[in-house]
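Each residue of the sequence shown is one higher than the one before, starting from 26 at the first, in my numbering.
Taking it in order: structure first as structure tokens, then the write-up.
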Amino acid sequence: MRGHLHLGRLLILFGLALAAGAAAAREERPLTLDSGAVVVGSATLGLASFATGNAPPRPALDLAIAEDGARADSLRPAIRGDVSLTRGRMHADDGRIVFLESLANHGMEPTTVRLRWTAYLPGDRASALHTASGWRSAAGWHLESSIPGRLVNGWPAGTPTYPGHDPGYIAWEVTLDLRPGERKAVLAAMTPAGHAPQPALDWLSAAQTRALMGWNGGGGRSLAGGRTAALAQWQAWRKELGAEALLEDSLAHAAWLAARSPGLTPLSAIHPQAYAEARRVAPGDERPLAGLPVAVKDIIDVAGLPTLALAEPLPRAAPRDALIVERLRAAGAVVLGKTAYDEDFGDYGMHRATGRLRGLIHPDLTVTGSSGGSAIAVAAGIVPLAMGSDTCGSLGTPASHAGIATIRPTVGLLPYQGARPLDPDLDTVGPIVARAGDLQQVLEALTGQAPSGDAPQTIRLGLIEPWPDTLPPISAEVGVQFGRVMDRLRAAGIELVPVALPDWSSARAALRAAPDRYPVAAALTDWLAFRDDPRSLQDLANSPNLLAEERADLAALAGARQDADARERRETALAAARAAVVGPIARFDLDGLIMPATLAWPGLLDVTRPGAGEPAMCPLSAYPRLPQITLPIAVGKAEPPLGAALIGSADGDWHLVLVAERIASIVNPKN
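Here you go:
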């Protein structure tokens, strides 16, 4: 019968390390071990420990082990220095247990790893096999590793005996070297008495066999991901290594980043069935996103995961996927998990549950919000694609600060149902990718549509002059960055036309004077119903865990009533805002408007020190409900990244995608 992790048994292992006496060592404490070890009767098998260099091996705990039938996988790799350990396990019906320890070097220097498996066989004894490939106990248990090692008795392994010492603590240790960017795997097979030590290995993927040391394995493979890369590169990795390997490397890279630098923790949750989902992707799958790991902002429902919205996890896991997640899955993507977001849907990239989000190139600066977790996940090379949402600036602002690309599509092009609404007049979901050239493929995968024409031969873009006084000014530093890029576009033949927006100020004033809160209340109520959540808006407003401002806002929404006159005024004002931007585009026969996506450098991570703040140009696309593409135009260590915002005409998403590809080819010819 397959054993289950027994907390008390494993606590004994760690209590003995304290050597406070046998009785005291067996005192149970409320710890979550989650090591992937297995308890069979009185035996505890397969606790993994590892270390780099000369450090003593430490147990790999809190691995978030996910079960998939007889298989188990660690969703949260353990980290020692620059090395990650990902654990796999196969527990056969006949009692054989095979542990797969997959180690990867994420650093820039070669390193040596000591890996150890410890078993607790009370009252038993073990002796090493003459082949140096494992041990056999007096009671008949047998361990064999795929590479030679050494037997170490006692816990901690190798310590002298002491009062209460039980020689039934048996450890087997192996050593391996890892080059930078290399993954190697080692197997340990535990066989009970009465069975031949012949573990089945047909459950290993091709990439795992390639990484395997010994037992006819390939001896190692290179890591995928770990850097900002185009969609085509990720697709090449998937075809070479498979979807399961991409997921393994993505999770390991995320864990290494989080351990290396607090704040580089964009993932808020990992889907427990991610490995099972990846294994279902066939090698020859030709769907546009087949086998690619993706992440979604944690206001978007994913079946089986709670949603970190309304500033606290909702009381139950989402019963179904949001519609945009359904489309991702239909296109072949593997939903790795969810990404952190700004709790106040603002510009600091801060959430009580996930902390602050720092930049990659400039770690003292924030990438801002509110889709900052999705932006970091792509920029860091954890995933090739992440979904965010946007009411005003939540996609373009973090993409600009992270040096990557996104599109805020025309409202309604992508389905919003199943995501926490803020303002249904303006809300949209949108993809975040590394390169502007990937946006067309992703939009095609998510909409089933394609551009109807070719890329324009000549491009005319409008530069807004004068800059509207209803928007924050463009800072001097951003102005210099943006001006350099505009000079390059002119030199490449892009026509830049000065354009005024004479009606913008009055249109924005009309919007301020035409509020209509009822659609927001109705959308929130519909979202709760989509989640099978019985609570009302007033119930949410009474939650003690919400921010005071959000409780007040929800209480006001609970009292909102439908008002036909208010709705008419609001629609009229929204139409005026659209006309104020689209009118000049049509009048000057432009392909769109271009401007800095962020008007100042990002704020400092330490909010107690003065920073530049986060003024945004987003009202120019959000209020008229127009498509906006943000693409990187300045990425370097000398100054923070900056993106350019391209705003197109109503329903002009596909034309804008083609324009963005052309601009990107000039600004970033290597990408």
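Built from N, CA and C at the ideal position, the CB exists for glycine as well.
Residue i - DSSP class collapsed to helix/strand/coil
i      : result
PRO456 : strand
PHE507 : helix
GLY165 : coil
ARG208 : strand
VAL403 : helix
TRP228 : coil
PHE555 : helix
ILE688 : helix
SER67  : coil
SER530 : helix
SER646 : helix
LEU353 : helix
LYS662 : coil
GLN442 : coil
GLN233 : helix
MET375 : Only weak support is given to the placement of MET375: the predicted model assigns it a pLDDT of 47, under 50, and the question is left unresolved by the model.
HIS426 : helix
GLY421 : helix
GLY239 : coil
ALA218 : coil
ILE610 : helix
GLY413 : strand
TYR300 : helix
6 Å CB neighbourhood of residue i in its chain, flanking five on each side removed
i      : result
THR216 : ARG121, HIS167, PRO222
PRO635 : For PRO635, the predicted model reports a pLDDT of 46, less than 50, meaning its position is unreliable; a value from the coordinates is still stated below. Closer than 6 Å at the Cβ level, and outside the excluded window around PRO635, lies no residue.
ALA685 : ALA461, ILE654, LEU656, LEU671
ALA717 : This structure gives no information on residue 717, because the portion of the chain shown stretches from 26 to 696.
ALA643 : The sequence as given places Cys at residue 643; Ala does not occur at that position. Around CYS643: CYS417, GLY418.
TRP228 : MET115
SER395 : TYR366, ASP367, PHE370, SER419
GLU273 : THR111
Rounded straight-line distance, which links the Cα of residue j to that of residue i
i      : j      : result
ALA402 : GLY66  : 43 Å
SER60  : ALA85  : 6 Å
ALA400 : THR69  : 42 Å
ILE691 : LEU514 : 7 Å
ASP310 : GLY316 : 8 Å
ALA641 : ARG433 : 14 Å
ALA49  : LEU292 : With a pLDDT of 31 at ALA49, under the threshold of 50, the predicted position of this residue should be treated as unreliable, and no value is reported.
PRO147 : GLU198 : 20 Å
PRO498 : LYS363 : 34 Å
ILE295 : ARG304 : 16 Å
ALA404 : ASP119 : 45 Å
GLU664 : LEU226 : 51 Å
ALA475 : ILE457 : 18 Å
ASP450 : VAL436 : 8 Å
GLY374 : LEU390 : Note that GLY374 scores 48 on pLDDT, short of 50, meaning its location in the model is unreliable and no value can be drawn from it.
Nearest to residue i (by Cα), restricted to the options the options
i      : options                        : result
LEU447 : THR253, ALA343, GLU575         : GLU575
PRO491 : ASP528, ALA214, ALA641, ARG515 : ASP528
LEU649 : THR364, LEU390, ARG533, ILE658 : Looking at the sequence provided, one finds Pro at residue 649 rather than Leu. Of THR364, LEU390, ARG533, ILE658, the residue nearest in Cα terms is ARG533.
VAL177 : THR200, GLU169, ARG141, HIS155 : ARG141
GLY697 : GLU686, ASP616, ALA347, VAL360 : Outside the modelled stretch of the chain, which goes from 26 to 696, sits residue 697, for which no answer is possible.
GLY165 : MET133, SER152, GLY174, GLY661 : SER152
ASP392 : ALA365, PRO423, LYS363         : The question names Asp, but residue 392 is Val in the sequence shown. Residue PRO423 is the option with its Cα nearest to VAL392.
VAL306 : GLU269, ALA283, ASP274, ILE325 : GLU269
LEU579 : SER568, GLN587, GLU273, ALA600 : SER568
ALA581 : GLN563, ASP590, PHE124         : GLN563
GLU520 : ARG542, PRO540, TRP552, LEU486 : LEU486
PHE555 : GLY443, VAL64, ILE619, SER109  : GLY443
GLY244 : GLY357, LYS322, ALA279, ASP202 : ASP202
SER74  : THR453, ARG96, PHE124          : PHE124
LEU88  : LEU599, ARG354, ALA103         : ALA103
Short CB-CB distance (under 7 Å) between residue i and chain B
i      : result
ALA129 : The structure shown contains no chain B; it is built from a single protein chain.
7 Å Cβ shell around residue i - same chain, five flanking residues per side excluded
i      : result
ALA231 : GLY267
ARG252 : GLY406
PRO440 : LEU348, ILE349
LEU6   : Since the first residue shown for the chain is 26 and the last is 696, residue 6 is missing from the structure and cannot be characterised.
Close beta carbons around residue i, own chain, < 8 Å, minus the five adjacent residues each side
i      : result
ALA254 : GLY406, PRO409, ALA459
ASP479 : LEU683
ASP494 : SER530
Below 8 Å, how does it come out for the stretch 198-216 and the stretch 242-262: are there three or more Cβ pairs, yes or no? Short answer: they touch.
Determine contact between the stretch 405-421 and the stretch 507-521, defined as no fewer than three beta-carbon pairs at a distance below 8 Å. no
How do the stretch 498-506 and the stretch 546-554 stand: do at least 3 beta-carbon pairs fall below 8 Å, yes or no? Because the criterion of three Cβ pairs below 8 Å is not met, the stretch 498-506 and the stretch 546-554 do not touch.
Decide yes or no for the touch test of the stretch 608-627 against the stretch 520-527: beta carbon pairs closer than 8 Å, at least 3 of them. At 8 Å Cβ cutoff, the stretches touch.
The stretch 282-291 in contact with the stretch 233-245 per 3-pair CB rule at 8 Å: no
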